[in-house]
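Accompanying notes for the structure given below.
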Amino acid sequence: MHRPAQRDRREQSPADGAGHQGHGPGAGRRPGRLLWGAAVVVPAMLIAAGCSSGSSEDGGDTDAKKPAASATASDSASSSPPAVREAAYAKLPDACAVLAKKTLEDLVPKDVKGKAGSSDDTDTRANCSWDSLDNNGVKGSQFRWLNVAMLRFDSDASRGEGDKRAQEYYTKQVADAQAVEGAKKAKTEPVPGTGDEATLVRYDLKKKEGVFKQQTVVTRVENVVLTLDYNGAGLAGDKTPDADGLVKLAKKAAKEAVASVASANKGGGSDGGSSPDASKSSSDSKDSKDSKDAKGSKDSTQAKDSGDSGDSGDEKDAGGKSAPSAGASLKSAADS
Numbered sequence: 001m002h003r004p005a006q007r008d009r010r011e012q013s014p015a016d017g018a019g020h021q022g023h024g025p026g027a028g029r030r031p032g033r034l035l036w037g038a039a040v041v042v043p044a045m046l047i048a049a050g051c052s053s054g055s056s057e058d059g060g061d062t063d064a065k066k067p068a069a070s071a072t073a074s075d076s077a078s079s080s081p082p083a084v085r086e087a088a089y090a091k092l093p094d095a096c097a098v099l100a101k102k103t104l105e106d107l108v109p110k111d112v113k114g115k116a117g118s119s120d121d122t123d124t125r126a127n128c129s130w131d132s133l134d135n136n137g138v139k140g141s142q143f144r145w146l147n148v149a150m151l152r153f154d155s156d157a158s159r160g161e162g163d164k165r166a167q168e169y170y171t172k173q174v175a176d177a178q179a180v181e182g183a184k185k186a187k188t189e190p191v192p193g194t195g196d197e198a199t200l201v202r203y204d205l206k207k208k209e210g211v212f213k214q215q216t217v218v219t220r221v222e223n224v225v226l227t228l229d230y231n232g233a234g235l236a237g238d239k240t241p242d243a244d245g246l247v248k249l250a251k252k253a254a255k256e257a258v259a260s261v262a263s264a265n266k267g268g269g270s271d272g273g274s275s276p277d278a279s280k281s282s283s284d285s286k287d288s289k290d291s292k293d294a295k296g297s298k299d300s301t302q303a304k305d306s307g308d309s310g311d312s313g314d315e316k317d318a319g320g321k322s323a324p325s326a327g328a329s330l331k332s333a334a335d336s
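The sequence shown begins at 1 in full-length UniProt numbering and counts up one residue at a time.
Have a look at this one:
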């Protein structure tokens with residue numbers, strides 16, 4: 001009857017002892033345990049703080065290095081040459097085949113074959129000339145001379161896009177045609193519907209053989225410049241040809257020659273009008289040779305006969321020495 005009560009008292013005694021500080025073995029050891037625990041915790045906190053500080057410093061160094069790396073990448077990107085649009089035309093047509101036989105019979109009736117000028121890269125520069133002398137005996141003779149010269153410009157990262165370089169050369173050719181010494185009755189007019197831009201320069205030039213009627217049509221189609229020189233004269237007493245008639249023939253021939261450039265590159269433009277979109281023919285231009293490979297080309301036959309107008313940087317890069325200057329054909333015609 002009393003055992004449960006005694007068990008109850010024994011089970012309650014630890015609780016009673018805990019309630020009186022300073023009594024029993026447990027009460028005497030508690031402060032020591034707490035101090036030892038605090039001593040262990042403090043160094044651990046210091047170690048954790050040290051590790052945290054080190055990680056922060058390392059992270060700070062990494063963050064500090066990131067802007068420098070970004071700046072280096074930016075500088076590298078800015079130093080790369082800018083991309084240029086690929087030139088539309090990658091090659092030139094056969095210079096002696098740019099005009100139909102019927103057209104040549106109207107222009108130079110006594111010479112429809114022509115003579116090609118020398119070039120070690122006919123995809124970059126090419127020219128062909130025709131001489132026609134219709135001898136009428138004692139009545140004199142009719143002389144006609146025709147020359148077609150083409151120069152193609154590739155796109156280059158350091159020099160710019162091919163059509164822009166061609167435009168600069170086009171402007172120079174027009175200026176050369178307008179600056180022929182001794183030219184009389186000079187006139188300049190645009191030629192619409194021929195290439196991207198075209199200009200006709202016409203004038204008279206008196207020689208001992210007679211008065212020569214000169215027509216020069218300079219046209220640009222994309223990255224190609226085509227210069228057509230056509231002149232005529234009545235020699236040994238024959239009458240001077242009608243200048244307006246020669247102009248009409250020259251314009252027709254220039255339009256036909258421009259169309260042949262597009263046809264050679266499979267870019268259309270059979271009507272001789274403005275050039276097709278560069279994107280249509282850009283796939284052909286992938287096979288283009290670098291114009292630098294043609295730097296060593298010799299003067300064309302016509303350039304030797306008519307005199308060199310002086311080299312320009314773009315002319316050299318487009319394929320050797322300079323092409324015949326616009327209007328330079330008169331010397332050759334007079335010497336014929």
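Glycine is no exception: its CB is placed at the ideal position from the N, C-alpha and C atoms.
Do you know how far the Cα of residue j is from the Cα of residue i?
i	j	result
G245	D106	11 Å
D131	L146	7 Å
K113	C96	7 Å
V258	K91	13 Å
K102	G232	18 Å
K255	V148	12 Å
S155	D123	14 Å
A157	A183	40 Å
K172	E197	13 Å
A262	D120	22 Å
D134	P109	8 Å
A100	V174	26 Å
V138	E86	57 Å
Near residue i, what residues of its chain come up, given a Cβ to Cβ distance below 6 Å and the 5 sequence neighbours on each side ignored?
i	result
S260	P93, V98
L235	G140, S141, F143, E209, G210
D111	W130, D131, S132
V225	L151, A166, Y169, Y170
F153	G162, R165, A166, N223, A318
L104	V112
Give every residue of the same chain whose Cβ lies closer than 8 Å to the Cβ of residue i, excluding the five residues on either side of it in the sequence, and list them in chain order.
i	result
W36	Because the pLDDT at W36 is just 41, under 50, the model does not fix this residue reliably, and the point stays unresolved.
V247	L200, R202, Q215
K251	V191, T194, L200, V217
Q178	A186, T188, V201
P82	A157
Could you round the C-beta distance between residue i and residue j to whole angstroms and report it? I think they count as a contact, below 8 Å.
i	j	result
N223	A166	5 Å
Y170	R125	Not a contact, Cβ separation roughly 15 Å.
N136	D238	6 Å
L205	Y230	So it is not a contact: roughly 13 Å between Cβ atoms.
V84	G160	7 Å
K213	T188	At roughly 15 Å, the Cβ-Cβ gap does not stay under 8 Å, so K213 and T188 are not in contact.
A264	L228	Not a contact, Cβ separation roughly 17 Å.
D163	A116	In fact, because the Cβ distance is near 26 Å, the residues do not count as touching under 8 Å.
Please classify residue i: does DSSP put it in a helix, a strand, or coil?
i	result
L99	coil
S260	helix
G182	coil
L246	helix
E105	helix
V138	helix
K91	coil
A254	helix
residue 407	Because the chain in this structure spans residues 1 to 336, residue 407 falls outside the shown range and cannot be described.
P82	coil
D238	coil
D121	coil
K266	coil
P190	strand
First and last residue of the beta strand (DSSP E) that includes residue i?
i	result
Y203	197–207
Y230	224–235
N135	125–135
N147	141–152
G210	210–221
List the endpoints of the continuous alpha helix (DSSP H) containing residue i.
i	result
K164	162–178
Any beta carbon from chain C within less than 8 Å of residue i's own beta carbon?
i	result
G245	This model lacks chain C altogether; it includes just one protein chain.
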